[in-house]
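Numbering (the working numbering), first residue to last: 8 to 247.
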């Protein structure tokens, strides 16, 4: 039976995971790269955010998680562009290495509890009151802000270069655009969004687990495909 609490919880989690879908849209659809770093980058965001929150810096944990995710994306891009490693294998290599990195960030513990830790959600609760849907508002604010920033970025000169790189890299090279740079920037941004999703989720559920990112690339791709099917230019609603 659906209750208001169930619907709110579904919307909150959906908004948080929407960041992963946007990240995969950038890597899979725009850059046309099969980035398998998603699982490890998501867990990395959880680990960094939880560690920062436990240390008393929940707000700082979000940008730190994004920086960590961008670093993971940089490694994947470096393997792909500089060492000529296939994109799928580059992501798998980075994802495998991130398991140890994530454990180290979490103090070599498989779980970081935050039951009595202040988070961005507890700050919103203090500001808005317990009766307000503060979790939904925080998740919506973060996701909509990232979505708006991504839309604006893809309309810039660099954003258009990234889009062109995924569509026709040979033409981009002929136009004297450095495809290595555009691929690197694109993967850094994509993995930064993935890590931000993990960071928000860790503070949302007040815990971080080493296995939280398992299967995240599948969930993200499924969300992306369903969204395109329903709301894309040739989607079901567009034809209605």
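Every residue, glycine too, gets a C-beta built ideally from N, C-alpha and C.
*Ordered along the chain, which non-local residues of its own chain (more than five positions away) have a Cβ less than 6 angstroms from that of residue 187?*
Closer than 6 angstroms at Cβ, skipping near neighbours: 88.
*Select from 92, 54, 205 and 194 the residue whose C-alpha is nearest the C-alpha of residue 173.*
Closest by alpha carbon: 194.
*asked:* Cutting at 6 angstroms between CB atoms, please list the residues of its own chain near residue 59, excluding the five before and the five after it.
replied: Excluding sequence positions up to five before and after residue 59, its CB lies within less than 6 angstroms of the CB of 67, 68 and 71, all in the same chain and listed in chain order.
*DSSP puts residue 214 in a beta bridge; with which residues?*
Beta bridge pairing from DSSP links residue 214 with 120.
*In whole angstroms, what is the alpha-carbon distance linking residue 142 and residue 17?*
Separation of residue 142 and residue 17 (C-alpha to C-alpha, rounded to the nearest whole angstrom) is 11 angstroms.
_Let me make sure I understand the geometry here. Which of 132, 204 and 129 has the alpha-carbon closest to that of residue 154?_
Nearest option by C-alpha distance: 204.
*Whole-angstrom Cβ separation of residue 209 and residue 77, contact assumed at under 8 angstroms?*
Between residue 77 and residue 209 the Cβ distance is about 18 angstroms, and since that is not below 8 angstroms, they are no contact.
*Candidates 47, 74, 128 and 75: which alpha carbon is nearest residue 100's?*
Selected option, being the one with the closest Cα: 47.
_Can you tell me whether residue 95 is helix, strand or coil according to DSSP?_
Residue state, collapsed to three classes: helix.
*Can you give the beta carbon distance from residue 190 to residue 165, rounded, assuming they're within the 8 angstroms contact cut?*
Taking the Cβ atoms as the reference, residue 190 lies roughly 12 angstroms from residue 165, outside the contact range of under 8 angstroms.
*If we count the other Cβ atoms within 10 Å of its Cβ and call it buried at 16 or more, is residue 126 buried or exposed?*
Buried, by the Cβ-count rule.
*asked:* Runs of 4 residues minimum, wholly inside the stretch 8-69: which ones carry the alpha helix (DSSP H) assignment?
replied: Secondary structure within the stretch 8-69: the alpha helix (DSSP H) runs of 4 or more consecutive residues, fully enclosed, are 11-31 and 45-61 (chain order).
*How about residue 52 and residue 25: do their beta carbons lie closer than 8 angstroms?*
No, these two residues do not count as a Cβ contact at 8 angstroms.
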